[in-house]
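Residue numbers (UniProt numbering): 1 to 133. Note that CB positions come from ideal geometry on N, CA and C, so glycine has one too. Here the structure comes first, spelled out in structure tokens, and everything after it is commentary.
What follows is the structure, encoded as structure tokens:
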């Protein structure tokens with residue numbers, strides 16, 4: 001049992017090697033923090049590629065074993081293969097759409113262990129503060 005913590009680019013490379021070596025059965029879960037990076041113009045396509053390859057390669061692997069016969073059952077076959085995708089984001093605006101694309105269940109929470117406070121700092125050039133500075 002082991003875990004890798006890496007960038008999207010490195011994960012994509014590792015997954016490609018696992019596909020080539022037919023060692024996908026060694027993959028138990030993929031945890032994607034900052035899932036909203038799917039919309040990033042520079043790196044989003046790599047994350048989308050990684051997730052797409054994971055879903056369909058695992059589903060294809062399951063299909064060759066007779067687990068399912070149609071694309072609509074892809075999510076079930078991935079679960080049966082033991083691969084779990086866990087995506088996390090605090091700012092994903094289309095979470096339900098992404099969950100549907102991944103064949104996933106959406107879990108949301110507004111719980112915060114530490115209160116979030118927002119402040120605005122306005123600086124006026126040439127104006128002195130109360131201490132004359």
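Excluding the 5 residues flanking residue i on each side, which residues of the same chain have their C-beta closer than 8 Å to its C-beta?
{"i": "residue 220", "result": "No information on residue 220 is available, as it lies outside the stretch 1 to 133 that the chain covers here."}
Could you check if residue i is buried or exposed, using at least 16 other CB atoms within 10 Å of its CB as the buried criterion?
{"i": "residue 90", "result": "exposed"}
{"i": "residue 140", "result": "Not covered by the structure: residue 140. The range shown for the chain is 1 to 133."}
{"i": "residue 108", "result": "exposed"}
{"i": "residue 15", "result": "buried"}
{"i": "residue 4", "result": "exposed"}
{"i": "residue 29", "result": "exposed"}
{"i": "residue 112", "result": "exposed"}
{"i": "residue 8", "result": "buried"}
Just verifying my parser: in three-state terms, what is the DSSP assignment at residue i?
{"i": "residue 29", "result": "strand"}
{"i": "residue 121", "result": "coil"}
{"i": "residue 87", "result": "strand"}
Rounded to whole angstroms, what's the CA-CA distance from residue i to residue j? Just pull it up for me.
{"i": "residue 20", "j": "residue 118", "result": "48 Å"}
{"i": "residue 11", "j": "residue 22", "result": "16 Å"}
{"i": "residue 100", "j": "residue 27", "result": "22 Å"}
{"i": "residue 55", "j": "residue 120", "result": "43 Å"}
In its own chain, which residues sit with a C-beta less than 7 Å from the C-beta of residue i, not counting the 5 before and 5 after it?
{"i": "residue 24", "result": "18, 57, 58 and 61"}
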